[in-house]
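Colleague:
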Amino acid sequence: MSEFQQKCSILGRDCLAPDIFRLTLQAPKIAADARPGQFVMVRVIDGLDPLLRRPFSIHRSFADGNISLLFKVIGKGTAMLARRCIGDQLDLVGPLGNGFEFSDDRPVCLIGGGMGIAPLLFLAEQLHSTGRATEKDHVLLGARNKDELTPLADEFSALGYTVQLATDDGSIGHKGFIPDLLDFVLPSVEQVYTCGPHLMMKNVVLQCQQAEVNCQVSLETHMACGMGACLGCTVNGKRGLVHVCKQGPVFNADQLEWSLE
Amino acid sequence: MKEAVMESAKNTPPCGMPDLRVQIGSLALRNPVMTASGTFGYAREFENLVDLNQLGGIVVKGISLKPKPGNPPPRIVETACGMLNAIGLENVGVDRFITGKVPYLRTLSTPVVVNILGDSVEEYSEIARRLEGVEGVAALEVNISCPNVKKGGVAFGTVPEMAAKVTEAVRQASSLPLIVKLSPNVTDIVVMARAVADAGADAVSLINTLIGMAIDPVSRRPRLANVIGGLSGPAIKPVALRMVWQVAQAVSLPVIGIGGITTADDALEFLLAGASAVQVGTANFYDPSAAENIVQGITNYLQEQGEDRLVDIIGTLKTGTD
């Protein structure tokens, strides 16, 4: 495994919904090595405020050496990133972290909430590229409203997945939360992958544990370096603290202590 | 001393290039740019991104006698041009460091400095004893300045008599070059520097982090689980520079400057103020190539200034009216 620090040109910048952006970056070294579930550390500007890089999961990786990142403007760093233009260069370090584990043709369910959808599209594309029968697989996506889901949901559907949606306002799909949909899906799948808000993941994990379905979760946390040097990104594991950047960001749900967080 | 001379010869710069070599006591560095403890892991974390053999020195994560799990999360918070951390000295402990980390470090040509910390004077000397004679360990940096642990750190770093006691104990336990890392969280850092100098330190490094705090107004809770933490990064550079200048004036030992160094210009400020070397800390997190770029930037500066040797510019700050 290798990591790279490289300046990456912004090739594409799409505003998918208010405050939700997708950047396409020319990052040949990172793209060549990236696996679904891995992330990059992005310097949003060259200056010193904000100081730290921001972690973003790799949303898509293309054979032509490009990657894309999906993000929502939530603070100073993402606001600055959203203002970067096509042709600008961003300093990236990656690919980092372990990524999702997938091996066989067991039916799976991908569950994404909000920006937690980002790494799951890369996973869905990778699974699809292995030639598996994606119609047995399920994708459950949740967000605040239709605008935040529409273009992404279509991309999963185009790969042949059975996609169900949930929105807070009911503007598309089920009005409510993703875990509401999960009970109907769990009996037919053997592996769940999830990324999203902590409360959503916690509920997904509890349902998976009850149904005895294996579940991999991708976590998000504050990080300074992304490489195991700062030791700032710890969360509570079953056997003590774990480091999200190196031991994760993907964990088997039973490695983590859900009741304490 | 003979070993140091040989080491210096090995580090002779290519013909026509300025000579960046510096001495920290008997520790010979090929250039003055080191990485600071706690910001560079055990070095291997950076092997894919940094040519580790281009660095002047590597100071590894602080090592305690027993492994430490560190503090609960959240442990870091970004602040304007800086960051607060309360990692709590998480590390593998000295025995696992020797068996698990040193074999890799030994393969590097860059001298490795081991930062050590303890809850008592006896612990400091015991760690030093266990590191004595371990091939691949070039020097010790005694951490008496961590603000993030309940016992030990702060008391050792803020009371001159205690700082002297720890320094003496480590001096007796070890024949390695001994650097003592000072805390800025004191009324007069010069007093602390003098105390450890008199107690047998070969060099002082400063500064460690400044104690700080951040609050989330929505939850009305501190942003760090530990409530307070150590502030580092460019935000602290002027404070660090001032302290390095004051200490360099007051003691005859080599001073290693630390605090917000990101660029070659930052490093040069410390060198002009009297530091014989610098350590790059928080910048490793947001720019892994910072230390390497600083080495190159110092080389360029010396060439532009027509200087052949780095040592000739150390402490050449002009404060008079000439």
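Residue numbers (the working numbering), protein chains in the order written: chain A, 1 to 261; chain B, 1001 to 1322. For each residue, glycine too, the CB sits at the ideal point set by N, CA and C.
(1) Return no unless some Cβ of chain B is closer than 7 Å to the Cβ of residue 78/A.
(2) Hey, residue 1160/B and residue 1138/B are a contact pair by Cβ (cut 8 Å); roughly how many whole angstroms apart?
(3) Quick test of your reading: residue 138/A and residue 185/A, contact by CB under 8 Å. State the CB separation rounded to the nearest angstrom.
(4) Verify the CB distance criterion: does residue 1076/B have a CB-CB separation below 7 Å to chain A?
(5) Count the other C-beta atoms from every protein chain shown that fall within 10 angstroms of the C-beta of residue 1236/B, then say buried if there are 16 or more, exposed otherwise.
(6) Could you tell me how far apart the beta carbons of residue 70/A and residue 25/A are, in whole angstroms, since I believe they sit closer than 8 Å?
(7) Using a Cβ cut-off of 8 Å, which residues of the region 1045–1057 of chain B contact any Cβ in chain A, in chain order?
(8) For residue 69/A, which residues does DSSP report across the bridge?
(9) Among all the DSSP beta bridges, which residues are the ones paired with residue 193/A?
(10) Would you report the Cα separation of residue 1042/B and residue 39/A, rounded to the nearest angstrom?
(11) Residues in its own chain within less than 7 Å of residue 153/A by CB, not counting five upstream and five downstream?
(12) Give me, in chain order, the residues of the same chain whose beta-carbon lies closer than 6 Å to that of residue 1143/B; leave out the 5 immediate sequence neighbours on both sides.
(13) How would you label residue 7/A, buried or exposed, when you count the other beta carbons within 10 angstroms and need 16 or more for buried?
(14) With a threshold of 16 other CB atoms inside 10 Å of the CB of residue 1021/B, please say whether the residue is buried or exposed.
(15) Between the region 209–231 of chain A and chain B, which residues of the former have a C-beta closer than 7 Å to a C-beta of the latter?
(16) If the cut is a Cβ gap below 8 Å, which residues of chain A does residue 1083/B touch?
(17) Against chain B, which members of the region 140–162 of chain A pass a CB distance test of less than 7 Å?
(18) If residue 126/A sits next to residue 36/A, beta carbons under 8 Å apart, how far is it from one beta carbon to the other, in whole angstroms?
(19) Report the rounded CA-to-CA distance for residue 226/A versus residue 1113/B, giving the unit in angstroms.
(20) Which residues mark the beginning and the end of the alpha helix (DSSP H) in which residue 81/A is found?
(21) Residue range of the alpha helix (DSSP H) that residue 1294/B falls in?
(22) According to the Cβ coordinates, are residue 42/A and residue 21/A closer than 7 Å?
(23) For residue 143/A, which beta-bridge partners are listed by DSSP?
(24) Roughly how far, in whole angstroms, is the beta-carbon of residue 1110/B from the beta-carbon of residue 1065/B, given that I think they are within contact range, below 8 Å?
(25) Using a Cβ-Cβ cut-off of less than 8 Å, give me the residues of the region 1256–1268 of chain B that come near chain A, in sequence order.
(26) Check the C-beta distance from residue 189/A over to residue 213/A and give it rounded, since I have them as a contact under 8 Å.
(27) Tell me the rounded alpha-carbon separation between residue 1124/B and residue 1105/B.
(28) Decide if residue 1030/B is buried, meaning its Cβ has at least 16 other Cβ atoms within 10 Å, or exposed.
(29) Inspect the beta-carbon positions of residue 1286/B and residue 159/A and report whether they are closer than 7 Å.
(30) Can you confirm whether the region 1264–1273 of chain B touches the region 1226–1244 of chain B when touching is taken to mean that 3 or more C-beta pairs between the two stretches lie within less than 8 Å?
(31) Looking only at its chain, what residues have a beta carbon closer than 7 Å to the beta carbon of residue 1303/B, apart from the 5 residues adjacent to it on each side?
(32) Can you name the start and end residues of the alpha helix (DSSP H) that residue 198/A belongs to?
(33) Counting only Cβ pairs nearer than 7 Å, list the residues of chain A close to residue 1090/B.
(34) Quick check: the Cα distance between residue 128/A and residue 1280/B, rounded to an integer number of angstroms?
(35) Return the bridge partner residues of residue 1311/B from the DSSP annotation.
(36) Beta-carbon separation of residue 178/A and residue 113/A under 7 Å?
Modeller: In this structure, then:
(1) no
(2) Not a contact, Cβ separation roughly 28 Å.
(3) 5 Å
(4) yes
(5) buried
(6) Actually they are not in contact, since the Cβ atoms of residue 70/A and residue 25/A sit about 12 Å apart, beyond 8 Å.
(7) 1045, 1046, 1048 and 1049
(8) 23/A
(9) 110/A and 216/A
(10) 22 Å
(11) 141, 163 and 165
(12) 1062, 1115, 1117 and 1181
(13) exposed
(14) buried
(15) 222, 224, 225, 227, 228, 229, 230 and 231
(16) 51, 52 and 224
(17) none
(18) 5 Å
(19) 24 Å
(20) 76–82
(21) 1290–1305
(22) no
(23) 167/A
(24) No, residue 1110/B and residue 1065/B are not in contact; Cβ-Cβ is about 26 Å, not under 8 Å.
(25) 1262
(26) 6 Å
(27) 22 Å
(28) buried
(29) no
(30) yes
(31) 1018
(32) 198–211
(33) 231
(34) 45 Å
(35) For residue 1311/B, which the question treats as bridged, DSSP gives no partner whatsoever.
(36) yes
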